[in-house]
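Listed in order, the protein sequences are those of chains A and B. End of the first sequence = 221 in numbering that gives the first Met the number 0, gap-free, step of one. End of the second sequence = 221 in numbering that gives the first Met the number 0, gap-free, step of one. Heads up, the beta-carbon is just placed ideally off N, CA and C, and yes, glycines get one too. Read the structure below first, then the notes.
2 protein chains.
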Amino acid sequence: MRHLYHFWVCPFSRKVRIVLGEKGLEFELTFEKYWERREDFLALNPAGQVPVMVEDGGLALSESTAISEYLDETYPDRPLIGFSAEDRAETRRLVAWFDLKFYQEVTINLVDEKLLKRFMGMGEPDSSAMRAGRQNIGHHLDYIGYLADSRTWLAGEDFGLADISAAAHLSCLDYLGDMPWDDYGPARDWYARVKSRPSFRALLADRIPGLPPPSHYDDLDF
Amino acid sequence: MRHLYHFWVCPFSRKVRIVLGEKGLEFELTFEKYWERREDFLALNPAGQVPVMVEDGGLALSESTAISEYLDETYPDRPLIGFSAEDRAETRRLVAWFDLKFYQEVTINLVDEKLLKRFMGMGEPDSSAMRAGRQNIGHHLDYIGYLADSRTWLAGEDFGLADISAAAHLSCLDYLGDMPWDDYGPARDWYARVKSRPSFRALLADRIPGLPPPSHYDDLDF
Numbered sequence: 000m001r002h003l004y005h006f007w008v009c010p011f012s013r014k015v016r017i018v019l020g021e022k023g024l025e026f027e028l029t030f031e032k033y034w035e036r037r038e039d040f041l042a043l044n045p046a047g048q049v050p051v052m053v054e055d056g057g058l059a060l061s062e063s064t065a066i067s068e069y070l071d072e073t074y075p076d077r078p079l080i081g082f083s084a085e086d087r088a089e090t091r092r093l094v095a096w097f098d099l100k101f102y103q104e105v106t107i108n109l110v111d112e113k114l115l116k117r118f119m120g121m122g123e124p125d126s127s128a129m130r131a132g133r134q135n136i137g138h139h140l141d142y143i144g145y146l147a148d149s150r151t152w153l154a155g156e157d158f159g160l161a162d163i164s165a166a167a168h169l170s171c172l173d174y175l176g177d178m179p180w181d182d183y184g185p186a187r188d189w190y191a192r193v194k195s196r197p198s199f200r201a202l203l204a205d206r207i208p209g210l211p212p213p214s215h216y217d218d219l220d221f
Numbered sequence: 000m001r002h003l004y005h006f007w008v009c010p011f012s013r014k015v016r017i018v019l020g021e022k023g024l025e026f027e028l029t030f031e032k033y034w035e036r037r038e039d040f041l042a043l044n045p046a047g048q049v050p051v052m053v054e055d056g057g058l059a060l061s062e063s064t065a066i067s068e069y070l071d072e073t074y075p076d077r078p079l080i081g082f083s084a085e086d087r088a089e090t091r092r093l094v095a096w097f098d099l100k101f102y103q104e105v106t107i108n109l110v111d112e113k114l115l116k117r118f119m120g121m122g123e124p125d126s127s128a129m130r131a132g133r134q135n136i137g138h139h140l141d142y143i144g145y146l147a148d149s150r151t152w153l154a155g156e157d158f159g160l161a162d163i164s165a166a167a168h169l170s171c172l173d174y175l176g177d178m179p180w181d182d183y184g185p186a187r188d189w190y191a192r193v194k195s196r197p198s199f200r201a202l203l204a205d206r207i208p209g210l211p212p213p214s215h216y217d218d219l220d221f
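Dropping the structure here:
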């Protein structure tokens, strides 16, 4: 059975879980405390990060975009990157937008401060970082709303990896109660459409011991 | 004519220049002070970063990996990502290694501190950041040496985007005189092979006004 080493509120792990769900592929999840740098885990991924996917034959793949591209090439039935070279460039531009820019400006400041530090025993969250994260989120939600209003999905007419990457980040923030949904209607409408996809169900069932999500987290009419 | 908006010692701009060179494609370079957030430039790339490539017909592409993948798909004669899905996953894993991990641990601490701050008028370099960058570089050069010794090129038997991405970062550090070549023979041997490729020549001819590189910068037998 295919195996995915993950961490619950890691947007990159969630991205691969959604891709696997969209492709209808079965897999087993293993929670990896990657910050403990377990030797057997470092042998799978010398970068020491989740997600790592191990195929049935033992092939170990790491880095969420490399894994997603691999799955899209290996199971091409429902392409998630796009049909033309131009479409794919737009998908990849937006995946990088969320995985680099949104991650640095928002996710790190909220998820890492509030949750990862607690797991890693690194002390209290830095309130100035959290304030920066909350300030930065607005223009990203405006951009999501703008894209979703001018196209069907973020990168164009088809649901794909740009939507998956963006939703993976937002779902982590939503779990922590950090999404200002009321002020961003178009982004919320787009997220509601993503949330209702079967591939998203497992994420909405996630529960971190001792840290329940807000009640709207798994509500499709939030 | 194809147009590339770039900054001289931006590893991501250099990566696309090398890809264009490997594909034998002509292009015009425009130096963009992207930190000034020129309105016409933001219309091309709302992320406000270089590189941005504008095709003859006006199609604007941004984000160095999205551009590189686009060029590799559109001009497939000499594939730079790899031949099989597994090879491509390995190339993409390593491209992310250099563009995310190496960038955060080394490039930002040295290139941004020593050079970008000066261009942007942001004051003196932070010496603790520079110290961290110099400390971090060693294990990356060991990793490059290990990969280059156990394979022909970094991701496998063929020269490709992993080599290009790694060399783009190292070439920026080399311009600033920050490469401890003497202590890392195998990485140096690999870099010498990359440096001798025709696609690298334009980078070695780069000169930033008022900031000449060390004499070994464009020497193929450094």
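Coil, strand or helix - Met129 (chain A) by DSSP: Taking the first residue of the first sequence as 1, we reach residue 129 (chain A) at position 130. In the structure shown, Met129 (chain A) sits in a helix (DSSP, three-state: H, G or I).
When you compare only the Cα positions, how much space is there between Ser164 (chain A) and Asp98 (chain A)? Position 165 of the first sequence, counted from the first residue, corresponds to residue 164 (chain A). Position 99 of the first sequence, counted from the first residue, corresponds to residue 98 (chain A). So the alpha carbons of these two residues sit roughly 7 Å apart.
Going by the beta-carbon positions, is the gap between Val49 (chain A) and Glu31 (chain A) smaller than 7 Å? Numbered from its first residue, the first sequence carries residue 49 (chain A) at position 50. Numbered from its first residue, the first sequence carries residue 31 (chain A) at position 32. Cβ atoms of Val49 (chain A) and Glu31 (chain A): closer than 7 Å.
Output, in sequence order along the chain, the residues in the region 50-62 of chain B whose CB is closer than 8 Å to any CB in chain A. Within the region 50-62 of chain B, the residues whose Cβ lies closer than 8 Å to any Cβ of chain A are, in chain order, Leu58, Leu60, Ser61, Glu62.
Per-residue DSSP class, three states only, for Leu60 (chain B): Here residue 60 (chain B) corresponds to residue number 61 of the second sequence, with the count starting at 1. Annotated three-state conformation of Leu60 (chain B) is strand, per DSSP.
Can a CB atom of chain A be found closer than 7 Å to the CB of Tyr74 (chain B)? Position 75 of the second sequence, counted from the start, is the residue given in the question as residue 74 (chain B). Not closer than 7 Å to any Cβ of chain A, the Cβ of Tyr74 (chain B) fails to qualify, so no.
If you measure between the beta carbons of Val94 (chain A) and Leu160 (chain A), is that distance less than 7 Å? The residue given as residue 94 (chain A) occupies position 95 in the first sequence. The residue given as residue 160 (chain A) occupies position 161 in the first sequence. Yes, they are a contact pair.
Bounding residues of the alpha helix (DSSP H) (the contiguous stretch that carries Glu21 (chain A)): Position 22 of the first sequence, counting from 1, holds the residue named residue 21 (chain A). From DSSP, the alpha helix (DSSP H) with Glu21 (chain A) extends over 10-21.
Which residue wins for smallest C-alpha separation from Leu202 (chain B), given the options B:Met0, B:Asn135, B:Val15? What you label residue 202 (chain B) is simply residue 203 of the second sequence in a count that begins at 1. Among B:Met0, B:Asn135, B:Val15, the Cα nearest to that of Leu202 (chain B) belongs to B:Val15.
Just checking: is the beta-carbon of Glu112 (chain A) within a distance shorter than 7 Å of some beta-carbon in chain B? Against the first sequence, residue 112 (chain A) aligns to sequence position 113. So, not an interface residue.
Only counting the same chain, and skipping five residues up and downstream in sequence, which positions put a Cβ closer than 6 Å to that of Ser195 (chain A)? On the first sequence, residue 195 (chain A) is found 196 positions in, with the first residue counted as 1. Same-chain partners within the cutoff: Leu219.
Strictly under 7 Å for the Cβ-Cβ distance: is Glu68 (chain A) near chain B by that measure? Looking up residue 68 (chain A) in the first sequence gives position 69. So yes, Glu68 (chain A) belongs to the interface.
Looking at the structure shown, is Phe40 (chain A) part of a helix, part of a strand, or coil, going by DSSP? Looking up residue 40 (chain A) in the first sequence gives position 41. In this structure, Phe40 (chain A) counts as helix in the three-state DSSP scheme.
Could you list the residues in the region 156-188 of chain B with a C-beta less than 9 Å from some C-beta on chain A, going in chain order? Listed by position along the chain: nothing, the set is empty.
Integer Cβ distance of Ala46 (chain B) from Lys100 (chain A), believed to fall under 8 Å: Start at 1 with the first residue of the second sequence, and residue 46 (chain B) comes out as number 47. Start at 1 with the first residue of the first sequence, and residue 100 (chain A) comes out as number 101. Contact flag correct, Cβ pair sits at about 6 Å.
Amino acids of chain A, ordered along the chain, whose beta-carbon sits closer than 8 Å to that of Ala147 (chain B): One-based indexing of the second sequence puts residue 147 (chain B) at position 148. Correct list: empty, because the minimum Cβ distance to chain A is about 15 Å.
Any C-beta of chain A within less than 7 Å: which residues of the region 92-119 of chain B qualify? Arg92, Ala95, Trp96, Lys100
Where His138 (chain A) and Tyr74 (chain A) are concerned, what is the direct C-alpha to C-alpha distance, given to the nearest angstrom? What you label residue 138 (chain A) is simply residue 139 of the first sequence in a count that begins at 1. What you label residue 74 (chain A) is simply residue 75 of the first sequence in a count that begins at 1. Rounded to the nearest angstrom, the two C-alpha atoms are 35 Å apart.
By how many angstroms is the C-alpha of Val8 (chain A) removed from the C-alpha of Leu172 (chain A)? Working through the first sequence from its first residue, we reach residue 172 (chain A) at position 173. Working through the first sequence from its first residue, we reach residue 8 (chain A) at position 9. Looking at the two C-alpha atoms, the distance is approximately 8 Å.
Which residues in chain B sit within 7 Å of Ala65 (chain A), going by Cβ to Cβ distance? What you label residue 65 (chain A) is simply residue 66 of the first sequence in a count that begins at 1. Result: Ala88, Arg91, Arg92, Ala95.
May I have the straight-line CA-CA distance separating Leu174 (chain A) from Gly23 (chain A), to the nearest angstrom? Translated into positions along the first sequence, residue 174 (chain A) becomes position 175. Translated into positions along the first sequence, residue 23 (chain A) becomes position 24. It is Tyr, not Leu, that sits at residue 174 (chain A) in the sequence shown. When rounded, the distance between both Cα atoms is 25 Å.
Going along the chain, which residues of the region 126-140 of chain A sit with their C-beta nearer than 8 Å to a C-beta in chain B? Correct list: empty, as no residue qualifies.
Can you give the Cα-Cα distance for His5 (chain A) and Ser170 (chain A), rounded to whole angstroms? Walking along the first sequence from the start, residue 5 (chain A) turns up at place 6. Walking along the first sequence from the start, residue 170 (chain A) turns up at place 171. Distance between the alpha carbons of His5 (chain A) and Ser170 (chain A) is about 15 Å.
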